[in-house]
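Asks: Please find one structure pasted underneath; my questions will follow.
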Amino acid sequence: MAIVTESRWLGVVPPHRMDESVNGGQQFHPFDTNLGGDTSAGGWLLFADANVGYATAGVALQRTLDGGSHWVLLGTPAGRAHAEPHHRTDLAAHRCPAVDAVCKRGVGAGARRLLFRSSDQGATWQQRTWVPYRGGGGNPVISFVDDKFGWALFPGLPGTQCQRAGAQLWRTSDGAAAWQLIYSVSDQSNGPTGLTFDQCKDYTVVLDAANGFVAGHDTARRPIISRTTDGGVTLSQSKLPDPPDCFIAGGGNSLQVLVIRRFGATLLATAESPAGSQYVFRSTDAGATWSYAATVAVDPYRLAVLVEETRWLFIGNDGLGQETTDGGKSWHTWTSYYQDAAGVASTFVFASPQVVFADAMVGYATVRGSIQRSVDGGGHWETIKTPGTYPPG
46 MAIVTESRWL GVVPPHRMDE SVNGGQQFHP FDTNLGGDTS AGGWLLFADA
96 NVGYATAGVA LQRTLDGGSH WVLLGTPAGR AHAEPHHRTD LAAHRCPAVD
146 AVCKRGVGAG ARRLLFRSSD QGATWQQRTW VPYRGGGGNP VISFVDDKFG
196 WALFPGLPGT QCQRAGAQLW RTSDGAAAWQ LIYSVSDQSN GPTGLTFDQC
246 KDYTVVLDAA NGFVAGHDTA RRPIISRTTD GGVTLSQSKL PDPPDCFIAG
296 GGNSLQVLVI RRFGATLLAT AESPAGSQYV FRSTDAGATW SYAATVAVDP
346 YRLAVLVEET RWLFIGNDGL GQETTDGGKS WHTWTSYYQD AAGVASTFVF
396 ASPQVVFADA MVGYATVRGS IQRSVDGGGH WETIKTPGTY PPG
């Protein structure tokens, strides 16, 4: 167990998993990381500050510069380390349209990032310009609505139990050839409007050139969702209600928004409690207000994928899945031929869901450096090229 900050703790779960707490150990959830090597035989984890940490597995020494998300293998005094090579690419495909995909890659230990664009559904990739952000904080969140227009959210360093954090919101309108800073918050001066300083900001989605959302959370209050209808010039705030079956806000049990999707005039938002319970909320007024829609209790460790307004999926790695076609009222067994080389299911946790559908038929999935695409609504999947990897794959 490593205490990264006062409220953020990380623990290694052998052989390759990490768990995270953001409320001082009250609750833990799976944490997305590329930590390599088999830690079953023991090792240690130590952080010098909120970003820089070191881990051992056998004789291998690894380092992170971004709080534990991305790790690189270092040389050891005895010579080259013998852990598995780190050819892995960490990808998050957000809002990938049917003919265009934009993905981000963490290179090294977070010291440098690369952004790639594909105009042929992932057959080939072209490197684009990364956001000129200079500052500390959590992992950036990228969202593209088409081949030109996208947002990048850079969360600042969190305060105690995520009750405050700065953030920057950037925009591109030319396919990441250039980026412009459209909103920045570093203190309490914005008050009840705009992008609030209260809460950690850990999710963003852009719906079109005018409309988009930034969502935050802390351990004591309901999630704040900031929305814009003018391309980020101004923002207004709303909050998710508590689900009817339990009281979530307060006591370290507050919800965290994982995904927001638009289906015609309806918006759906999926949020998760620290215990892993998932809830779906609906808005019919462009996000000004939200109402409870459904409780999703199929699998607490994977995010329900919202394919259509009433069709949601859980995609397993063993050919089995779960499907609802009535907005979560009932679920039934559903066959998907998704399988990845890792032999484990893709990890759908918190602000980086790794399965996303552009429409009712076309979806993308990432795990451990590979990307797969479905063109039949999630039934069948094929591996497509991962940008920036060597050897190509």
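Okay, so the sequence shown: first residue is 46 according to the numbering used here, each after it adds one. Glycine included, every Cβ here is placed at the ideal spot set by N, Cα and C. No experiment lies behind these values; they were computed from the predicted model shown.
1) Give the straight-line distance between the Cα atoms of Gly98 and Val57, rounded to the nearest whole angstrom.
2) Are the CB atoms of Glu354 and Phe402 within a distance shorter than 8 angstroms?
3) Take the Cβ of Asp247 as the centre, count every other Cβ of all protein chains shown within 10 Å, and call the residue buried at 16 or more, exposed below.
4) Excluding the 5 residues flanking Gln384 on each side, which residues of the same chain have their C-beta closer than 6 angstroms to its C-beta?
5) Would you call the CB atoms of Ile269 and Gln244 closer than 8 angstroms?
6) For Gly180, tell me which candidate among Ser283, Thr431, Ser322, Val230 has the shortest Cα-Cα distance.
7) Under a Cβ-count criterion, where at least 16 other Cβ atoms within 10 Å of its own Cβ denotes burial, should Glu368 be classed as buried or exposed?
8) Restricting to Cα atoms, I'd like to know which of Phe242, Ser164, Leu313, Ala222 is closest to Leu252.
9) Among Ser322, Ala316, Asp64, Thr273, which residue has its Cα nearest to the Cα of Asp330?
10) So is Val186 buried or exposed if we call it buried at 16+ other beta carbons inside 10 Å?
11) Use the C-beta contact count for Ala93: other C-beta atoms within 10 angstroms, 16 or more gives buried, fewer gives exposed.
12) Among Ala95, Leu90, Asn96, Thr78, whose alpha-carbon lies nearest the alpha-carbon of His115?
13) Using a 10 Å radius around the Cβ and a threshold of 16 neighbouring Cβ atoms, would you call Asp442 buried or exposed?
14) In terms of residue numbering, what span does the beta strand (DSSP E) encompassing Leu365 cover?
15) Quick test of your reading: Pro319 and His74, contact by CB under 8 angstroms. State the CB separation rounded to the nearest angstrom.
16) Using only the alpha-carbon positions, how far apart do Asp111 and Thr340 sit?
17) Have a look at Ser419 and Asp232 and give me their C-alpha separation to the nearest angstrom.
18) Kindly identify the DSSP beta-bridge partner or partners of Cys245.
19) From Thr174, Thr109, Val259, pick the residue whose C-alpha is nearest to that of Lys193; which is it?
20) What do you reckon, are the CB atoms on Thr370 and Arg356 nearer than 8 angstroms?
21) Please name the residue in Trp215, Ser375, Ala349 whose C-alpha comes closest to that of Val400.
22) For Asp191 and Gly70, what's the separation of their Cα atoms in angstroms?
23) So, for Gln206: in the same chain, excluding its five sequence neighbours on each side, which residues have a beta-carbon less than 8 angstroms away from its beta-carbon?
24) Assuming His74 is part of the beta strand (DSSP E), what are its boundary residues?
25) Identify, in the order they occur along the chain, each residue of the same chain with its Cβ nearer than 6 angstroms to the Cβ of Leu351, setting aside the five sequence neighbours on each side.
26) Could you pull the start and end residues of the beta strand (DSSP E) that Ser188 belongs to?
27) From the DSSP output, read off the bridge partner residues of Gly98.
28) Using the Cα positions of Ala405 and Val49, report the straight-line distance between them to the nearest angstrom.
29) Near Asp219, what residues of its chain come up, given a Cβ to Cβ distance below 7 angstroms and the 5 sequence neighbours on each side ignored?
30) Just curious, the beta strand (DSSP E) that Trp379 is in, first and last residue?
31) Excluding sequence positions up to five away, which residues of its chain have a Cβ less than 6 angstroms from the Cβ of Pro203?
Replies: So, to answer that:
1) Locating residue 98 in the sequence shown gives position 53, counting from the first residue. Locating residue 57 in the sequence shown gives position 12, counting from the first residue. Going from the Cα of Gly98 to the Cα of Val57 covers about 13 angstroms.
2) One-based indexing of the sequence shown puts residue 402 at position 357. One-based indexing of the sequence shown puts residue 354 at position 309. Judged by their CB atoms, Phe402 and Glu354 are not nearer to each other than the 8 angstroms cut-off.
3) Reading the sequence shown from its first residue, position 202 is the one you call residue 247. Sixteen is the threshold: when 16 or more other Cβ atoms of the shown chains lie within 10 Å of the Cβ of Asp247, as they do, the residue is buried.
4) As a working mapping, residue 384 is identified with position 339 in the sequence shown. In the same chain as Gln384, and ignoring 5 residues on each side of it, the C-beta atoms closer than 6 angstroms to its own belong to Asn362, in chain order.
5) Locating residue 269 in the sequence shown gives position 224, where the first residue counts as 1. Locating residue 244 in the sequence shown gives position 199, where the first residue counts as 1. For Ile269 and Gln244, yes; Cβs fall inside 8 angstroms.
6) The residue labelled residue 180 in the question sits at position 135 within the sequence shown. Nearest option by C-alpha distance: Val230.
7) What you label residue 368 is simply residue 323 of the sequence shown in a count that begins at 1. Using a 10 angstroms sphere on the CB of Glu368, the tally of other CB atoms reaches 16 or more, which defines it as buried.
8) On the sequence shown, position 207 is the one that residue 252 refers to. Here the closest residue by C-alpha is Leu313.
9) Taking the sequence shown and counting its residues from 1, the one referred to as residue 330 is at position 285. The closest CA to that of Asp330, considering only Ser322, Ala316, Asp64, Thr273, is found on Thr273.
10) On the sequence shown, residue 186 is found 141 positions in, with the first residue counted as 1. Flag for Val186 reads buried.
11) One-based indexing of the sequence shown puts residue 93 at position 48. The residue in question, Ala93, is exposed, as its Cβ has fewer than 16 Cβ neighbours within 10 Å.
12) Numbered from 1 along the sequence shown, position 70 holds the residue referred to as residue 115. Selection Ala95, Leu90, Asn96, Thr78 evaluated against His115 yields Thr78 as nearest (Cα-Cα).
13) This structure cannot speak to residue 442, because the chain is shown only from 46 to 438.
14) Looking up residue 365 in the sequence shown gives position 320. Per DSSP, Leu365 belongs to the beta strand (DSSP E) from 365-369.
15) Counting from one through the sequence shown, the residue named residue 319 turns up at place 274. Counting from one through the sequence shown, the residue named residue 74 turns up at place 29. 6 angstroms between Cβ atoms; contact.
16) Here the question's residue 111 lines up with position 66 in the sequence shown. Here the question's residue 340 lines up with position 295 in the sequence shown. One Cα belongs to Asp111, the other to Thr340, and the distance between them is close to 33 angstroms.
17) Counted from its first residue, the sequence shown places residue 419 at position 374. Counted from its first residue, the sequence shown places residue 232 at position 187. Straight-line Cα distance between these residues: approximately 43 angstroms.
18) Translated into the one-based positions of the sequence shown, residue 245 becomes position 200. Looking at the DSSP assignment, Cys245 forms a beta bridge with His262.
19) Residue mapping note: residue 193 aligns to position 148 of the sequence shown, counting from 1. Among Thr174, Thr109, Val259, the Cα nearest to that of Lys193 belongs to Thr174.
20) Taking the sequence shown and counting its residues from 1, one reaches residue 370 at position 325. Taking the sequence shown and counting its residues from 1, one reaches residue 356 at position 311. Taking 8 angstroms as the Cβ cut-off, Thr370 and Arg356 qualify as a contacting pair.
21) Taking the sequence shown and counting its residues from 1, one reaches residue 400 at position 355. Ranking Trp215, Ser375, Ala349 by Cα distance to Val400 puts Ala349 first.
22) On the sequence shown, position 146 is the one that residue 191 refers to. On the sequence shown, position 25 is the one that residue 70 refers to. The alpha-carbon atoms of Asp191 and Gly70 are separated by roughly 40 angstroms.
23) Translated into positions along the sequence shown, residue 206 becomes position 161. Only Ser52, Val67, Asn68, Gly69, Asp263, Thr264, Ala265, Gly297 meet the Cβ criterion.
24) Taking the sequence shown and counting its residues from 1, the one referred to as residue 74 is at position 29. DSSP places His74 in the uninterrupted beta strand (DSSP E) bounded by 74-76.
25) Start at 1 with the first residue of the sequence shown, and residue 351 comes out as number 306. Cβ neighbours of Leu351 beyond the five flanking positions: Arg306, Leu313, Trp357.
26) As a first step, residue 188 is located in the sequence shown; it is residue number 143 there, counting from the start. Note, Ser188: beta strand (DSSP E), 186-189.
27) On the sequence shown, position 53 is the one that residue 98 refers to. For Gly98, which the question treats as bridged, DSSP gives the partners Phe92, Thr109.
28) Against the sequence shown, residue 405 aligns to sequence position 360. Against the sequence shown, residue 49 aligns to sequence position 4. The alpha-carbon of Ala405 is positioned some 41 angstroms away from that of Val49.
29) Translated into the one-based positions of the sequence shown, residue 219 becomes position 174. Same-chain partners within the cutoff: Lys193.
30) One-based indexing of the sequence shown puts residue 379 at position 334. Annotation: the continuous beta strand (DSSP E) that includes Trp379 extends over 377-380.
31) Stepping through the sequence shown from its first residue, residue 203 is reached at position 158. Excluding sequence neighbours, Pro203 sits near Ala210, Cys245.
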